[in-house]
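*Asks:* Numbering (my numbering), first residue to last: 1260 to 1574. Can you keep this structure in mind? I'll have questions shortly.
Pasting the structure below:
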């Protein structure tokens, strides 16, 4: 595959057919106004039916979609891979629909392209109502005109089963389609019973979080720890393995934990990510004891709402 040639076609508004680990897909460049319509016309697809976006990394999802802890847990566990996450688009974002699917495919061809150009509108390569194409020949038979280039390299990696589509919104988590990723795997990672809160010294913030959240959700098992060598209780590998979800007070602490225990990175989040209120700073440094505690309480309320969404699933 000549990557630069394909990128040039996409940047000029063209449509490309390419293999993924699931089925063949049709893609166009998000940066070209109305390029999604070209795909819909080609497929005979209803313009009101949202397309998905192939993205380079999970952080790109934040640009358009409302944050959801459930979605991030799923993305951390199954991307790159056969999972499409359907999420609500943020207010004020110029976007064709109120929701959209997001995916990072686990196939060398789209991954190489996404390094150069992202995001990409995507959908299965077939006329609406027909079976998804799984070979370059099938794509050619379906679309003798309208596709600017059909990539055959890597078609032997196509498994012929579509991605699993999971919708995550304020009403919970719902499977829209079971595909290559099994529902049981999705259920497993969303079961959160044990939470570990982490700060620097395990003397104020993480202890406060443990005490407050234990009262908010008494059915959960909750512990706290610190990352400093002088911490009252220092986090260790057994703690990381024990927890279903690990939450740090600061983004910096999240990076330290992931560097220290890289195999557990899927479980580690910061309050900055979850609540969007910034770091829960050290009150001993800032001197703002009351302000820090209030911010922590607000962040814990948001965490509680996110966990209720994760548990309110229709899987």
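Don't be surprised by glycine CBs; every beta carbon is placed ideally from N, CA and C. Since this is a predicted model, take the numbers as computed values, not measurements.
Between residue 1280 and residue 1450, is the Cβ-Cβ spacing less than 8 Å?
*Replies:* When the beta-carbon positions are compared, residue 1280 and residue 1450 stay at least 8 Å from each other.
*Asks:* To the nearest angstrom, how far is it from the Cα of residue 1376 to the Cα of residue 1304?
*Replies:* Spanning the two alpha carbons is a distance of roughly 25 Å.
*Asks:* Between the segment 1434-1451 and the segment 1317-1327, do three or more beta carbon pairs fall short of 8 Å?
*Replies:* no
*Asks:* Any heavy atom of the ligand HEM closer than 7 Å to the CB of residue 1383?
*Replies:* Among the ligands in the structure shown, none appear at all, so the ligand HEM cannot be discussed.
*Asks:* According to DSSP, simplified to helix, strand and coil, what is residue 1317?
*Replies:* helix
*Asks:* Please classify residue 1306 as buried or exposed, where buried requires at least 16 other C-beta atoms within 10 Å of its C-beta.
*Replies:* With fewer than 16 Cβ atoms within 10 Å of its Cβ, residue 1306 is classed as exposed.
*Asks:* Based on the DSSP output, what are the partners of residue 1348 in its beta bridges?
*Replies:* According to DSSP, residue 1348 bridges with 1324.
*Asks:* From residue 1566 to residue 1321, what does the alpha carbon distance come to, in whole angstroms?
*Replies:* 19 Å
*Asks:* What's the C-alpha gap between residue 1478 and residue 1454?
*Replies:* Using only the alpha carbons, I get a separation of about 11 Å.
*Asks:* In chain order, what are the residue ranges of uninterrupted beta strand (DSSP E) at least 3 long that sit wholly in the segment 1366-1410?
*Replies:* 1379-1383
*Asks:* Whole-angstrom Cβ separation of residue 1502 and residue 1483, contact assumed at under 8 Å?
*Replies:* That pair is no contact at about 11 Å.
*Asks:* With DSSP as the reference, label residue 1416 as helix, strand or coil.
*Replies:* helix
*Asks:* Which residues does DSSP list as the beta-bridge partners of residue 1359?
*Replies:* Residue 1359 is bridged to 1346.
*Asks:* With a threshold of 7 Å on Cβ separation, who are the neighbours of residue 1337 within its own chain once the five nearest residues in sequence on each side are excluded?
*Replies:* 1440
*Asks:* Using the DSSP secondary-structure output, state which residues sit across from residue 1428 in a beta bridge.
*Replies:* 1431
*Asks:* Hey, quick one: how far does the beta strand (DSSP E) through residue 1528 stretch, first residue to last?
*Replies:* 1527-1529
*Asks:* Hey, residue 1349 and residue 1323: beta-carbon distance below 8 Å or not?
*Replies:* Cβ distance < 8 Å, so residue 1349 and residue 1323 count as in contact.
*Asks:* Quick check on residue 1402 - is its C-beta less than 8 Å from some C-beta in chain B?
*Replies:* Absent from the structure is chain B; it holds one protein chain and no more.
*Asks:* Threshold first: 3 residues or longer. Then list the beta strand (DSSP E) segments lying entirely within the segment 1449-1490, N to C.
*Replies:* 1453-1458, 1480-1485
*Asks:* How big is the Cα-Cα spacing for residue 1297 and residue 1285?
*Replies:* 10 Å
*Asks:* I need the boundaries of the alpha helix (DSSP H) containing residue 1284, first residue and last residue.
*Replies:* First-last for residue 1284: 1284-1288, but that is the beta strand (DSSP E), not the alpha helix (DSSP H).
*Asks:* Quick one: residues in its chain with C-beta nearer than 6 Å to the C-beta of residue 1428, no 5 flanking neighbours on either side, listed in chain order?
*Replies:* 1347
*Asks:* Between the alpha carbons of residue 1433 and residue 1358, how many angstroms are there, rounded?
*Replies:* 14 Å
*Asks:* Under the rule that 16 or more other beta-carbon atoms within 10 Å means buried, what is residue 1550, buried or exposed?
*Replies:* Exposed is the call here.
*Asks:* Using the three-state DSSP reduction, which class does residue 1493 fall into: helix, strand or coil?
*Replies:* strand
*Asks:* May I ask you to list the residues that DSSP assigns as paired with residue 1423?
*Replies:* Partner residues in the beta bridge of residue 1423, as assigned by DSSP, are 1342.
*Asks:* Report the three-state DSSP secondary structure of residue 1276 (helix, strand or coil).
*Replies:* strand
*Asks:* Counting beta carbon pairs with one atom in the segment 1522-1530 and one in the segment 1504-1514, are three or more of them shorter than 8 Å?
*Replies:* yes
*Asks:* So for residue 1502, helix, strand or coil by DSSP?
*Replies:* coil
*Asks:* With 16 other CB atoms within 10 Å as the buried threshold, where does residue 1379 fall?
*Replies:* buried
*Asks:* Compute the Euclidean distance between the alpha carbons of residue 1570 and residue 1564, then round it to the nearest angstrom.
*Replies:* Spanning the alpha carbons of residue 1570 and residue 1564 requires a straight line of approximately 10 Å.
*Asks:* At the level of alpha carbons, what is the spacing between residue 1546 and residue 1462?
*Replies:* 15 Å
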